[in-house]
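Novice: Just so we're aligned: 143 in the UniProt record's numbering is position 143 of the sequence shown, and the numbers increase by one with no gaps anywhere.
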Amino acid sequence: MEYPQNQEGTCPNSELAAEDCADMSTRKVALITGITGQDGSYLAEFLLEKGYEVHGIVRRSSSFNTGRIEHLYKNPQAHLEGNMKLHYGDLTDSTCLVKIINEVKPTEIYNLGAQSHVKISFDLAEYTADVDGIGTLRLLDAIKTCGLINSVKFYQASTSELYGKVQEIPQKETTPFYPRSPYGAAKLYAYWIVVNFREAYNLFAVNGILFNHESPRRGANFVTRKISRSVAKIHLGQLECFSLGNLDAKRDWGHAKDYVEVCYS
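1. Using the Cβ count rule (16 or more neighbours within 10 Å means buried), how would you classify GLU49?
2. Less than 7 Å separating the beta-carbons of LEU203 and ILE134?
3. Which residues in the same chain have their Cβ closer than 8 Å to the Cβ of GLU240, if we skip the five residues on either side of it in sequence?
4. Starting from ASN207 and walking both ways along the beta strand (DSSP E), at which residues does that stretch end?
5. By the 10 Å Cβ neighbour count, where 16 or more other Cβ atoms means buried, how is PHE154 classified, buried or exposed?
6. Under 8 Å, with one C-beta from each stretch per pair, do the region 27-38 and the region 105-121 reach the 3-pair mark?
7. For GLY147, count neighbouring C-beta atoms within 10 Å of its own C-beta (all shown protein chains included) and say buried if the count is 16 or more, exposed if not.
8. For GLY89, is the classification buried or exposed, using 16 other Cβ atoms within 10 angstroms of its Cβ as the cut-off for buried?
9. For ALA232, does the count of other Cβ atoms within 10 angstroms reach 16, so buried, or fall short, so exposed?
10. So, LYS128 versus TYR183, is the Cβ gap smaller than 7 Å?
11. In whole angstroms, what is the alpha-carbon distance linking GLY254 and PHE122?
12. Do you know offhand how far VAL104's Cα is from GLN238's?
13. Which class does PHE197 belong to by DSSP, given the choice of helix, strand or coil?
14. Evaluate HIS71 with the Cβ neighbour count: other Cβ atoms within 10 Å of its Cβ, from every protein chain shown; 16 or more gives buried, anything less gives exposed.
15. Please name the residue, chosen from VAL166, ALA114, THR174 and LEU91, that lies closest to ASP248 on a Cα-to-Cα basis.
16. What's the call for ILE176, buried or exposed, on a 16-neighbour Cβ count within 10 Å?
17. Could you say which of PHE46, GLY51 and ALA186 lies nearest to ILE69 if we only look at CA atoms?
18. Ordered along the chain, which non-local residues of its own chain (more than five positions away) have a Cβ less than 7 Å from that of VAL260?
19. By DSSP, does SER158 sit in helix, in strand, or in coil?
20. Check whether the Cβ atoms of LEU86 and GLY56 lie closer than 7 Å to each other.
21. Counting C-beta neighbours from all protein chains within 10 Å, is the total for TYR52 16 or more, i.e. buried, or is it exposed?
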């Protein structure tokens, strides 16, 4: 992928030596938030296959929470295998984000980390805003603090929940946003702060508005897995019934593997 050039068509930082400029344009180093999730795990696989050095941010837990990516490294204690390395961190901690970004010096950042459950966002509204909204700002500000504005590409995983109370069907990029949950509202802030950094600082920063996408790695509390697991439990006599939300909603569905390729492109 090509990097934005300044008006003279040279390396953005004129103080860099020629060999440093060449190195910056050829390095393939990706930093992924949410690497332990459905999309993050597929994206890590995809980028490793393309020869990237992949770094992921994971939250500290008393038990291993890296089941979706364990096959990508041999030693869970070290979290290191070849071209992949995990770093303990959190989107609520700006200090750790600055340290990680300054250490890794990524050429691409994919912000997939979030509290992404709509219903739970009503119970954890402040936390959702802190992670999904302000967490995005912390990442962008860390890029600026580390002096990487001219050398990194930033991808923000946005959501169809921005549309909320839909104003037209089907939606397109010009459809007005109308979020109807704390999750949607937090993601709306993240969307616009990405736009702001792109316009204010000329950062290569983009939003990808993702609709529903599934895979065998989908979390059990999301609707498709909830339905399949509940039907199995009913068949086994472990459950009598289960509840669903709005059955009149219309959604586009895709596969997570296809979606991460779009994130990359």
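Backbone N, C-alpha and C define an ideal beta-carbon position, used for all residues, glycine too. Note that the coordinates shown come from a computational prediction; the quantities given were computed from them, not determined experimentally.
Specialist: For this structure:
1. Burial state of GLU49 is exposed, judged by a 10 Å Cβ sphere holding fewer than 16 other Cβ atoms.
2. With a cutoff of 7 Å on beta-carbon distance, LEU203 and ILE134 are scored as not near each other.
3. The beta carbon of GLU240 is closer than 8 Å to those of ILE234 in its chain, skipping five residues each way along the sequence.
4. Here the beta strand (DSSP E) through ASN207 covers 204-210.
5. When all chains shown are included, PHE154 counts as buried.
6. Counting Cβ pairs under 8 Å, three or more are found: they touch.
7. With fewer than 16 other Cβ atoms inside 10 Å of its own Cβ, GLY147 counts as exposed.
8. Burial call: buried.
9. So ALA232 ends up on the exposed side.
10. The question names Lys, but residue 128 in the sequence shown is Thr. Yes. Within cutoff.
11. Distance between the alpha carbons of GLY254 and PHE122 is about 26 Å.
12. Approximately 48 Å between the Cα atoms of the pair.
13. Residue state, collapsed to three classes: helix.
14. Label assigned to HIS71: exposed.
15. ASP248 has its Cα closest to that of VAL166, out of VAL166, ALA114, THR174 and LEU91.
16. Looking at the sequence shown, residue 176 is not Ile but Pro. Residue environment: PRO176 is assigned as exposed (fewer than 16 neighbouring CB atoms within 10 Å of its CB, all protein chains considered).
17. Out of PHE46, GLY51 and ALA186, PHE46 has the C-alpha closest to the C-alpha of ILE69.
18. Hits under 7 Å: ASP39, TYR42, LEU43 and PHE46.
19. Three-state result, SER158: strand.
20. For LEU86 and GLY56, yes; Cβs fall inside 7 Å.
21. By the 10 Å Cβ count, TYR52 comes out buried.
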